[in-house]
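Participant: Here you go, one structure.
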Amino acid sequence: MAGNEPCPHLAGGQLDVVLALDDYLGLSEAVMRCPRCGRHYLIELLDIRDNRRAFRLSPLDEHIAKQLVRDLTRGSCDVQRSIALVQAVRAQHPQSSFWLITRNGSFADLALIHADRPLPTVHWRDLPIDGGWLGS
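So the number in the numbering used here is just where the residue sits in the sequence shown, counting from 1, plus 46.
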């Protein structure tokens, strides 16, 4: 599997939350893990429509993912440092050309979609979140 391609278990599979990083009416950014192979991912909200959510994903190096989780959960009071840590990890790990669809807030029975156009690279809070990626 190429460096930024997701593991094959995600199509119809599931992801486990390792560490939630941000929330918008449900999970919007998190470090996740495939329970079958242990591959780690950074997921970021791409879009919302009805009970479905679309997420961009970046496969993470296992050591770096574990280090990020350790650094963020050890109780640092510096919010700017936490933001910088996540940005550094994001910069080191290219975004996949695949994206995920979840239903009802569950990260089970995922739909894995190969993007037919470039995925946006801006922070999810700067996206329109208007359902455009999820269609009707």
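Just so you know, even glycine gets a beta-carbon here, dropped at the ideal spot from N, CA and C.
Measuring only the C-alpha atoms, how far is Ala76 from Ile89?
Facilitator: Position 30 of the sequence shown, counting from 1, holds the residue named residue 76. Position 43 of the sequence shown, counting from 1, holds the residue named residue 89. Taking the straight line joining both Cα atoms gives about 5 Å.
Participant: Could you check what DSSP says for Asn50 in three-state terms: helix, strand or coil?
Facilitator: Position 4 of the sequence shown holds residue 50. DSSP places Asn50 in coil when its eight states are reduced to three.
Participant: When the Cα atoms are used, what is the spatial distance from Phe153 to Ala57?
Facilitator: Residue numbering aside, residue 153 sits at position 107 when the sequence shown is read from its first letter. Residue numbering aside, residue 57 sits at position 11 when the sequence shown is read from its first letter. Whole-angstrom Cα-Cα distance: 11 Å.
Participant: If you run the structure through DSSP and keep just helix, strand and coil, what is Pro164?
Facilitator: Against the sequence shown, residue 164 aligns to sequence position 118. Of the three classes helix, strand and coil, the one that applies to Pro164 here is coil, per DSSP.
Participant: Compare the Cα-Cα distances from Cys80 to each of Gln60, Gln133, Leu92 and report the closest residue.
Facilitator: The residue you call residue 80 lines up with position 34 of the sequence shown. If we check each option's Cα against that of Cys80, Gln60 comes out closest.
Participant: For Ala161, which residues of its own chain have a beta-carbon under 8 Å away from its beta-carbon, when the five flanking residues on both sides are left out?
Facilitator: Counted from its first residue, the sequence shown places residue 161 at position 115. Contacts found: Ser143, Phe144, Trp145.
Participant: Tell me which residues share the same chain as Arg98 and place their Cβ nearer than 8 Å to its Cβ, disregarding the 5 neighbours each side in the sequence.
Facilitator: Numbered from 1 along the sequence shown, position 52 holds the residue referred to as residue 98. Answer for Arg98: Ile147, Thr148, Arg149, Leu180, listed in chain order.
Participant: At which residues does the alpha helix (DSSP H) containing Ser104 begin and terminate?
Facilitator: Position 58 of the sequence shown, counted from the first residue, corresponds to residue 104. First-last for Ser104: 98-106, but that is the beta strand (DSSP E), not the alpha helix (DSSP H).
Participant: Ordered along the chain, which non-local residues of its own chain (more than five positions away) have a Cβ less than 7 Å from that of Cys53?
Facilitator: As a working mapping, residue 53 is identified with position 7 in the sequence shown. Result list for Cys53: Met47, Cys80, Cys83, Arg85, in chain order.
Participant: DSSP three-state label for Ile129, please.
Facilitator: Indexing the sequence shown from 1 puts residue 129 at position 83. Correct three-state label for Ile129: helix.
Participant: What does a CB cutoff of less than 6 Å around Arg102 pick up in its chain, not counting 5 residues either side in sequence?
Facilitator: As a position in the sequence shown, residue 102 is number 56, starting the count at 1. Correct list, in chain order: Glu90, Leu92, Gln141, Trp145, Leu165.
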